[in-house]
Amino acid sequence: MSDRENSLKPENAEPASLPTDTLAARRFMDIDWSCPWLAPLAERGERWRQAALVSYSAYLSALNADVHRDSRITGRGKPLSFIAQDDLPAGASYEGHIAGTGCVPTRHNLHDFFNGSIWFQYPRIKAALNSRQAAEIDVLGIGPTRGAARDALTLFDENAILFACADASLAAALRAFDWHTLLVEQRAAWGLRCEARIFGHALLEKLVAPYKACTGHAWIVDVEPAYFSATDDERRAILDHAVSERLNSEAISSRYFTPLPVLGVPGWWPENETPSFYDDPEVFRSGRRSRAQPAQ
72 MSDRENSLKP ENAEPASLPT DTLAARRFMD IDWSCPWLAP LAERGERWRQ
122 AALVSYSAYL SALNADVHRD SRITGRGKPL SFIAQDDLPA GASYEGHIAG
172 TGCVPTRHNL HDFFNGSIWF QYPRIKAALN SRQAAEIDVL GIGPTRGAAR
222 DALTLFDENA ILFACADASL AAALRAFDWH TLLVEQRAAW GLRCEARIFG
272 HALLEKLVAP YKACTGHAWI VDVEPAYFSA TDDERRAILD HAVSERLNSE
322 AISSRYFTPL PVLGVPGWWP ENETPSFYDD PEVFRSGRRS RAQPAQ
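Just so we're aligned, residue 72 is where the sequence shown starts under this note's numbering, counting upward by one.
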């Protein structure tokens with residue numbers, strides 16, 4: 072059984088109607104759309120948040136209204152929809168149910184709120200991850216552990232940062248944990264030759280209350296220099312296509328990721344304007360091993 076299935080038992084389920092003075096509702100109120108990592112989600116996200124503050128059913132209705140306007144499909148081509156967590160059949164795997172039915176079991180909380188958001192931001196990547204997860208489950212079933220492939224796919228889904236890069240030296244600095252080069256000496260390169268976009272929905276949930284040690288797993292995506300002249304929508308589409316193609320055609324390993332402390336990204340946190348911000352070995356650690364790399 073997956074970690075998600077273990078955590079989604081009835082004791083964690085939200086009531087059908089959630090009063091606005093509950094802890095869950097207050098967490099929705101903590102979202103600050105001005106944060107650079109949340110701003111791309113703001114237009115749709117604010118509508119969803121307002122619905123979530125009304126009730127669980129209103130929240131699900133808001134998600135499904137957007138699906139109706141902007142259709143999405145899951146890993147096996149099923150039309151996407153969002154259902155209450157309690158509608159997941161007993162014994163069914165979360166990823167397999169999504170692939171087979173198109174229905175995403177969704178709790179009334181921030182974790183699943185951001186999961187739904189990413190289905191709209193990067194639909195091809197989400198579908199590719201779902202397809203790969205379901206295929207692994209078909210072969211190996213659900214057991215006490217996921218196995219290396221599912222672990223890597225889950226890591227991507229929950230904690231990935233897409234590091235778009237048009238300069239091989241910057242990608243090399245990231246892989247080498249060369250934080251001074253990447254984040255201090257080459258600060259001017261950010262937005263012109265490289266950028267970070269958060270994909271992992273668990274990472275987005277953590278960053279509602281950001282802290283210095285919060286770290287994502289960077290997945291390097293080679294892009295052309297023209298990428299940085301494109302609009303935000305065009306950039307997302309480029310990444311969605313490129314990454315989904317790789318996920319559909321290549322093996323994936325947790326060794327293909329490189330840690331990236333989120334608040335160290337230039338322009339994302341006021342304190343990192345001071346170079347001494349990066350002089351914290353507990354956060355900006357040196358590399359401990361060589362890392363295998365996927366084909367780009």
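Even glycine gets a Cβ: it sits at the ideal position worked out from N, Cα and C.
Start and end residues, alpha helix (DSSP H) containing aspartate 137: If you number the sequence shown from 1, residue 137 lands on position 66. 127-140 is the extent of the alpha helix (DSSP H) around aspartate 137.
Helix or strand or just coil, what does DSSP make of histidine 179? As a working note, residue 179 is residue 108 in the sequence shown. Coil, per DSSP.
Alpha carbon to alpha carbon, how far is threonine 286 from serine 357? Give it in angstroms, no decimals. Along the sequence shown, one-based indexing puts residue 357 at 286. Along the sequence shown, one-based indexing puts residue 286 at 215. The straight-line gap from Cα to Cα measures roughly 14 angstroms.
Tell me the rounded alpha-carbon separation between tryptophan 250 and arginine 326. For the purposes of this step, residue 250 is taken as the residue at position 179 of the sequence shown. For the purposes of this step, residue 326 is taken as the residue at position 255 of the sequence shown. Roughly 19 angstroms separates the two Cα atoms.
Find out if the Cβ-Cβ distance for the pair leucine 318, alanine 199 is shorter than 7 angstroms. Looking up residue 318 in the sequence shown gives position 247. Looking up residue 199 in the sequence shown gives position 128. In this structure, alanine 199 lies closer than 7 angstroms to leucine 318 by Cβ.
Proline 296 versus Cys265, Ala136 and Arg258, residue with shortest Cα-Cα distance: Taking the sequence shown and counting its residues from 1, the one referred to as residue 296 is at position 225. Selected option, being the one with the closest Cα: Cys265.
Nearest neighbour of lysine 149, chosen from Ser164, Cys174 and Ala155 [CA to CA]: Position 78 of the sequence shown, counted from the first residue, corresponds to residue 149. Nearest C-alpha to lysine 149: Cys174.
C-alpha gap between aspartate 350 and asparagine 343, whole angstroms: What you label residue 350 is simply residue 279 of the sequence shown in a count that begins at 1. What you label residue 343 is simply residue 272 of the sequence shown in a count that begins at 1. Straight-line spacing of the CA atoms in aspartate 350 and asparagine 343 works out to 10 angstroms.
Got a sec? Which residues, its chain only, sit under 6 angstroms from valine 333 by beta carbon, not counting five neighbours each side? For this step, residue 333 is matched to residue 262 along the sequence shown. Beyond the five residues adjoining it in sequence on each side, valine 333 comes within less than 6 angstroms, by CB distance, of Cys285 and Gly287 in the same chain, given in chain order.
Stretch pair the region 113-124 + the region 157-165: three plus CB contacts closer than 8 angstroms: As far as the Cβ criterion goes, the region 113-124 does not touch the region 157-165, which means the pair count is below three.
Indicate the three-state DSSP secondary structure (helix, strand or coil) for valine 292 in the structure shown. Looking up residue 292 in the sequence shown gives position 221. Note: valine 292 maps to strand in three-state DSSP.
Check whether the Cβ atoms of alanine 135 and isoleucine 169 sit closer than 7 angstroms, and answer yes or no. Your numbering for residue 135 matches position 64 in the sequence shown. Your numbering for residue 169 matches position 98 in the sequence shown. With the sequence shown as reference, residue 135 is identified as asparagine, and alanine is not the correct amino acid for it. The answer is no: Cβ separation not under 7 angstroms.
Which whole-angstrom value is the C-beta distance of proline 160 and glycine 338, which I expect to be below 8 angstroms? Here residue 160 refers to the residue found at position 89 of the sequence shown. Here residue 338 refers to the residue found at position 267 of the sequence shown. That pair is no contact at about 45 angstroms.
Beta-ladder partner(s) of proline 330, from DSSP: Counting from 1 along the sequence shown, the entry for residue 330 is found at position 259. Note: proline 330 sits in a beta bridge opposite His288.
Distance between beta carbons of histidine 272 and phenylalanine 185, contact taken as under 8 angstroms: The residue labelled residue 185 in the question sits at position 114 within the sequence shown. The residue labelled residue 272 in the question sits at position 201 within the sequence shown. Beta-carbon to beta-carbon, phenylalanine 185 and histidine 272 are separated by about 4 angstroms, close enough to satisfy the 8 angstroms threshold.
Option in Glu316, Phe270 and Thr345 with minimal Cα separation from alanine 187: Counting from 1 along the sequence shown, the entry for residue 187 is found at position 116. Note that residue 187 is glycine in the sequence shown, not alanine. Among Glu316, Phe270 and Thr345, the Cα nearest to that of glycine 187 belongs to Phe270.
Indicate the three-state DSSP secondary structure (helix, strand or coil) for glutamate 276 in the structure shown. Here residue 276 corresponds to residue number 205 of the sequence shown, with the count starting at 1. Under the three-state reduction of DSSP, glutamate 276 is assigned to helix.
Note down the Cα distance separating alanine 123 from leucine 181, rounded to an integer number of angstroms. Taking the sequence shown and counting its residues from 1, one reaches residue 123 at position 52. Taking the sequence shown and counting its residues from 1, one reaches residue 181 at position 110. When rounded, the distance between both Cα atoms is 10 angstroms.
Range covered by the beta strand (DSSP E) that runs through isoleucine 144: Counting from one through the sequence shown, the residue named residue 144 turns up at place 73. Premise fails: isoleucine 144 is in no beta strand (DSSP E) and is neither H nor E.
What's the call for aspartate 92, buried or exposed, on a 16-neighbour Cβ count within 10 Å? Position 21 of the sequence shown, counted from the start, is the residue given in the question as residue 92. Confidence in aspartate 92 is poor, its pLDDT being 42 and thus under 50, which makes the residue's placement unreliable; the coordinate value appears in the next sentence. Exposed: under 16 other Cβ atoms inside 10 Å.
In chain order, each alpha helix (DSSP H) run of at least 4 residues that lies wholly inside the region 190-228: Counting whole runs of 4 or more residues, the region 190-228 contains the alpha helix (DSSP H) stretches 194-211.
Count the other C-beta atoms from every protein chain shown that fall within 10 angstroms of the C-beta of aspartate 101, then say buried if there are 16 or more, exposed otherwise. Against the sequence shown, residue 101 aligns to sequence position 30. Classification for aspartate 101: exposed.
Local Cβ density within 10 Å of proline 341, reported as buried at 16 or more and exposed below that: Here the question's residue 341 lines up with position 270 in the sequence shown. Exposed.
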